[in-house]
Amino acid sequence: MEYKFSDIEAQIQSFWREKEIYKVSEQSGRPPFYVLDMFPYPSGAGLHVGHPLGYIASDIFSRYKRLKGFEVLHPMGYDAFGLPAEQYAIQTGQHPEVTTDINIKRYREQLEKIGFSYDWSREFRTSDPSYYKWTQWVFARLFESFYDISLQKARPIEALVAHFEEHGSKGISAFCGEECSFTAQEWKSYSEHEKSDILMHYRLAYLGESIVNWCPALGTVLANDEVSEGLSLRGGHPVEQRKMKQWCLRISAYAERLLKSLETLEWTESLKETQRNWIGRSEGAEINFFLPSIEEHLTVFTTRPDTIYGVSFIVLAPESELLERVVTSEQQEAVAEYLMATKRKTERERMAERKVTGVFTGAYAEHPITKELIPIWTSDYVLAGYGTGAIMAVPAHDTRDFSFARHFNLPIVQVVVPEGEEASNPITWQEAKPSKAGKLINSPLINNLSVKEAIAKMNNYIKEQSLGDVKVNFRLRDATFSRQRYWGEPFPIYYKEGIPTLLSDEQLPLQLPAIDSFLPTESGEPPLGRANNWHTKEGYPYELSTMPGFAGSSAYYLRYMDPHNEHALVGKEKNEYWRQVDLYIGGTEHATGHLIYSRFWNKFLFDLGVVCEDEPFRKLVNQGMIQGRSNFVYRIKDTNTFVTLGKKEAYETTEIHVDVNIVHNDVLDLEAFRKWRPEFATAEFVLEEDGTYVCGWAVEKMSKSMFNVVNPDDIVRNYGADTLRLYEMFLGPLEQSKPWDTKGIDGVHRFLKKLIGLFYQDETWKVTDIAPTNEELRSLHKLIRKVGQDIEQFSFNTSVSAFMICVGELQQQKTTSKQILEPLLIVLSPFAPHLTEFLYQKMHEAECSIVTAEWPKFEEKYLVENTVKYPVSFNGKVRFTLTLPADTSKEEVEKIALEAPDTEKWLEDKTPKKIIVVPGRIVNIVF
1 MEYKFSDIEA QIQSFWREKE IYKVSEQSGR PPFYVLDMFP YPSGAGLHVG HPLGYIASDI
61 FSRYKRLKGF EVLHPMGYDA FGLPAEQYAI QTGQHPEVTT DINIKRYREQ LEKIGFSYDW
121 SREFRTSDPS YYKWTQWVFA RLFESFYDIS LQKARPIEAL VAHFEEHGSK GISAFCGEEC
181 SFTAQEWKSY SEHEKSDILM HYRLAYLGES IVNWCPALGT VLANDEVSEG LSLRGGHPVE
241 QRKMKQWCLR ISAYAERLLK SLETLEWTES LKETQRNWIG RSEGAEINFF LPSIEEHLTV
301 FTTRPDTIYG VSFIVLAPES ELLERVVTSE QQEAVAEYLM ATKRKTERER MAERKVTGVF
361 TGAYAEHPIT KELIPIWTSD YVLAGYGTGA IMAVPAHDTR DFSFARHFNL PIVQVVVPEG
421 EEASNPITWQ EAKPSKAGKL INSPLINNLS VKEAIAKMNN YIKEQSLGDV KVNFRLRDAT
481 FSRQRYWGEP FPIYYKEGIP TLLSDEQLPL QLPAIDSFLP TESGEPPLGR ANNWHTKEGY
541 PYELSTMPGF AGSSAYYLRY MDPHNEHALV GKEKNEYWRQ VDLYIGGTEH ATGHLIYSRF
601 WNKFLFDLGV VCEDEPFRKL VNQGMIQGRS NFVYRIKDTN TFVTLGKKEA YETTEIHVDV
661 NIVHNDVLDL EAFRKWRPEF ATAEFVLEED GTYVCGWAVE KMSKSMFNVV NPDDIVRNYG
721 ADTLRLYEMF LGPLEQSKPW DTKGIDGVHR FLKKLIGLFY QDETWKVTDI APTNEELRSL
781 HKLIRKVGQD IEQFSFNTSV SAFMICVGEL QQQKTTSKQI LEPLLIVLSP FAPHLTEFLY
841 QKMHEAECSI VTAEWPKFEE KYLVENTVKY PVSFNGKVRF TLTLPADTSK EEVEKIALEA
901 PDTEKWLEDK TPKKIIVVPG RIVNIVF
């Protein structure tokens, strides 16, 4: 039968849709299993062949779990808000909703062509008001909650207010941004504005000042991953650091829990370590340094209080509030210039910066122990959000401080303990030092101590002498939650006499209004400032900023469990059935942002009793990237003639990227090239001896600018979706990056044709009810075991090899047995669902589906060999081989060996002295 993949795939996809084969039911009685792909953003460019890699892997696993008897939730939707659609709207005037709708339709069409087993009845987009109603609802709950440190969970803000009214701030165990001290009487006397300001220090969603990446040209705040080298990735506009009033989420309250529960997850150790580093737990001391010029104390956080004697200067973060108060008049201009330069760098860039920069403030701090005056500098390698935004620099014992001291010729003080005769005890305190240069200072407090003991002793000393306090610190900072954009979720907030006030749940969703332009207003307000009637019925103005992209994607996995519930984000019964995502597949680029935010939202909802699991994603697998395989043509200089790869050394040429879609196995389609661009219409060629033009190639990032983007639609049109699916898995291990190379795709396509040959002889169906042979059963059960193990371990590439080997063996065995071919189809169906469904239905001559079949049971007995090959040796040299039944006795083996026709030839009329038989292994005749 001819493999008419287009007809087969269209027919099967139509069957799946009509019969709602992939519709999920919580009432099926089957155990649940939830498989999820990371939320895609539907760009105008559509999918390229790199995008489906993770989707195909998750689809294989989903289909496999269905065959193993699970009710599998495998949904798809769209992260539809965001800056790209808004920027396109600014450029064209087309509403972002229109663009987004067009892009989503294209995405879904592409996804359906590849044959994914999604339950499309659960599809949604974050830009739909019926969805973002629940994002607004979660924000409202965050606004109405604080974090109780003693209970380690979120609690209603009303409980905090009740405590204030009865006890004031005394005895409160609440995580806060700024300590407040007041009595119950004082609380009752405060104005509503004052109370609101105090509560903002405790709310989990709060309005506060933070340092943001502000892009004046785009008129909005950008996330760190939207900025590179001081420019916006979108448009390449200058970005500066600016302190702004922003809505924030107090994610730092959950830092300890986020860290601890990592140990319960089935994630790779490298991914866990990335999150540990991002959360950044450190135990240390906060030490107070007196500032004589303003008669206040500066507090620094250090994990190494044992090095305090080595402090030779203080460094403030450029954003520190103390900076403008301590800087002297002589240094004000230099500091101001430095701050302007720092504004152009993101925190991520500052952390990665290797160049040493900084400015002296002109001020000094008093060393808390030696009372010496220490110079105060500012440098962008100190971040405002970590610790106190100031460090005590110990250059002899810290590499970065050492580089700074050397660059600005600052003192280097090495902490030592007495040596030799001066030492009353042996010396054990040691530290790897960047340099031994500089002044040596004696530190008798840490004589005869290990580093760990020295730290503990200094911590106690600091507390005893009231020089500071011991504290646990985290690098994790609160998330900025405002964007000065139009295309995002509106905040359910209005300002009543200037006080941020929540809309009631009954008023949700607060929908985006129509506006005449998507640019900021002439006065610099966000685009929502252009909306008419953007206020409550009472005339109170709504918030003008919108939520960021991660708002809609932080709890989307919960909505898939119960997408049509109008009364709750997720119903209790549905959540208790699915519980959490069992398998999450996506890229490593979300290791910190999305995964941290989702875990935070989930823990908060767990505290509220909305969800039944503390963690959202039990197992997570990161897929690698499919890179582009670029092709090049070589134009002879100052001509329109192109020379083939094999002859280019004889000419002076210019290398030009060429569209890979007009190249097949590195051979250029000459006519297609002439039509590709007007300037190539008259192109001439210097060809290989066989008349072909061979292109050069390189592995690069898949990009439109390199003309190496491969559209999956083209692969599906030319080879079929099953070929695409198998080939993407065949390229290499799922977690590794690998280049797209169409050279191997023909082999995968031929494999599917061979598969059809097991079922059809020309147009004649040849499957029979004949009993299978032992050899056929062995081939089948080798495959069942191998593929089952591979899928569980996500080793899909080796499964494709196993399919090819098995089909090759069955061809040689001339297999026609239904008992072999039916389970073969079932095992292959997760990888090539269309063709296997088509053949399975032909085999059953009924309206059934392979999706509801049962995964074949592996039976070890079929892999036990029924025969054994015995090498027969004469005086240790193998002369021939006997093939005997595996259960042949030792005596019978000896008898058959002696009676074999070849034995007489090799004995040469001699009588054997000894016959050695090792059962199942060898026969050795000694004469």
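Numbering (the UniProt record's numbering), first residue to last: 1 to 927. By construction, the Cβ of each residue, glycine as well, lies at the ideal position given by its N, Cα and C atoms.
Buried or exposed, going by whether 16 or more other CB atoms sit within 10 Å of the CB of residue i?
{"i": "R66", "result": "buried"}
{"i": "K869", "result": "exposed"}
{"i": "P509", "result": "buried"}
{"i": "A336", "result": "exposed"}
{"i": "K19", "result": "exposed"}
{"i": "D909", "result": "exposed"}
{"i": "I308", "result": "buried"}
{"i": "V878", "result": "exposed"}
{"i": "Q430", "result": "The predicted model places Q430 with a pLDDT of 44, which falls under 50 and marks its position as unreliable, so this point remains unresolved."}
{"i": "D119", "result": "buried"}
{"i": "T546", "result": "buried"}
{"i": "G720", "result": "buried"}
{"i": "E422", "result": "Here E422 scores only 41 on pLDDT, less than 50, and its place in the model is too uncertain to base an answer on."}
{"i": "V472", "result": "exposed"}
{"i": "A432", "result": "Only weak support exists for where A432 lies, its pLDDT of 43 falling under 50; the coordinates are left without a value."}
{"i": "G549", "result": "buried"}
{"i": "D714", "result": "exposed"}
In terms of residue numbering, what span does the beta strand (DSSP E) encompassing residue i cover?
{"i": "T881", "result": "K877 to P885"}
{"i": "E679", "result": "That residue, E679, is in no beta strand (DSSP E); it is neither H nor E in DSSP."}
{"i": "K895", "result": "Segment K890 to E899 is the alpha helix (DSSP H) holding K895; no beta strand (DSSP E) there."}
{"i": "Q246", "result": "E240 to L249"}
{"i": "P871", "result": "T867 to F874"}
So, using beta-carbon positions, are residue i and residue j closer together than 8 Å?
{"i": "F116", "j": "D59", "result": "yes"}
{"i": "V864", "j": "K890", "result": "no"}
{"i": "I826", "j": "W855", "result": "yes"}
{"i": "V716", "j": "K113", "result": "yes"}
{"i": "G389", "j": "L291", "result": "no"}
{"i": "Q813", "j": "E775", "result": "yes"}
{"i": "F175", "j": "I149", "result": "yes"}
{"i": "L731", "j": "A832", "result": "no"}
{"i": "D562", "j": "I455", "result": "no"}
{"i": "T768", "j": "T798", "result": "no"}
{"i": "F600", "j": "Y254", "result": "yes"}
{"i": "Y386", "j": "R350", "result": "no"}
{"i": "I515", "j": "Y486", "result": "yes"}
{"i": "K345", "j": "G529", "result": "no"}
{"i": "K701", "j": "G628", "result": "yes"}
{"i": "L780", "j": "P830", "result": "no"}
{"i": "E266", "j": "K619", "result": "yes"}
Span of the alpha helix (DSSP H) holding residue i?
{"i": "D401", "result": "T399 to F408"}
{"i": "G392", "result": "Residue 392 is actually Met in this sequence, not Gly. No alpha helix (DSSP H) contains M392, which is instead part of the beta strand (DSSP E) from A390 to A393."}
{"i": "Y64", "result": "P52 to L67"}
{"i": "residue 976", "result": "In the structure as shown, the chain starts at 1 and stops at 927, and residue 976 therefore has no counterpart that could be examined."}
Which ranges does the beta strand (DSSP E) cover as unbroken runs of at least 3 residues, wholly within the stretch 275-325, from first to last along the chain? Taking only runs of at least 3 residues, the beta strand (DSSP E) segments lying wholly in the stretch 275-325 are 281-291, 296-302 and 313-316.
Stretch-stretch touch, CB-based, cutoff 8 Å, three pairs: the stretch 644-651 with the stretch 609-618: No, they do not touch.
Does the pairing of the stretch 29-43 with the stretch 583-592 give three or more beta-carbon distances under 8 Å? Between the stretch 29-43 and the stretch 583-592 there are three or more inter-stretch CB-CB distances shorter than 8 Å, so the stretches are counted as touching.
Where are the beta strand (DSSP E) runs, 3 residues long or more, that stay fully inside the stretch 744-826, in chain order? Those beta strand (DSSP E) runs which fall completely within the stretch 744-826 and span 3+ residues do not exist here.
At least three beta-carbon pairs within less than 8 Å, the stretch 325-339 to the stretch 349-365: Enough Cβ pairs lie closer than 8 Å, so yes.
Should the stretch 79-89 be called in touch with the stretch 213-232, which here means at least 3 C-beta pairs below 8 Å? Look at the beta carbons and you see the stretch 79-89 touching the stretch 213-232: at least three pairs across the two are nearer than 8 Å.
Quick one: which unbroken alpha helix (DSSP H) runs of 4-plus residues sit fully inside the stretch 84-171? Chain order, please. List check, alpha helix (DSSP H) in window: 96-114, 129-143 and 157-167.
Quick test of the definition: if touching needs 3 or more C-beta pairs under 8 Å, does the stretch 46-60 touch the stretch 194-211? The stretch 46-60, when compared against the stretch 194-211, does not touch it at the 8 Å Cβ threshold.
Could you tell me which whole alpha helix (DSSP H) segments of length 4 or greater appear in the stretch 629-700? As far as the stretch 629-700 is concerned, its whole alpha helix (DSSP H) runs of at least 4 residues are 670-676.
Taking the runs of the beta strand (DSSP E) that are 3 residues or longer, which of them lie wholly in the stretch 556-589? Every beta strand (DSSP E) of 3 residues or more that sits fully in the stretch 556-589 is shown, in chain order, as 583-586.
Pair every Cβ in the stretch 276-296 with every Cβ in the stretch 459-473, then say whether three or more of these pairs are closer than 8 Å. Yes, they touch.
Could you tell me whether the stretch 488-495 touches the stretch 223-240, where touching means 3 or more Cβ pairs closer than 8 Å? The answer is no - the stretch 223-240 does not touch the stretch 488-495, with fewer than three Cβ pairs under 8 Å.
Considering only residues of the stretch 340-371, which uninterrupted beta strand (DSSP E) runs meet the minimum length of 3 residues and lie entirely inside it, listed in chain order? If you keep only unbroken beta strand (DSSP E) runs of at least 3 residues inside the stretch 340-371, you get 359-366.
Do the stretch 369-379 and the stretch 352-360 meet, that is, are 3 or more Cβ pairs less than 8 Å apart? Result yes; three or more Cβ-Cβ pairs closer than 8 Å.
Tell me, please, whether the stretch 630-637 touches the stretch 648-667 by the rule of three or more beta-carbon pairs shorter than 8 Å. Counting Cβ pairs under 8 Å, three or more are found: they touch.
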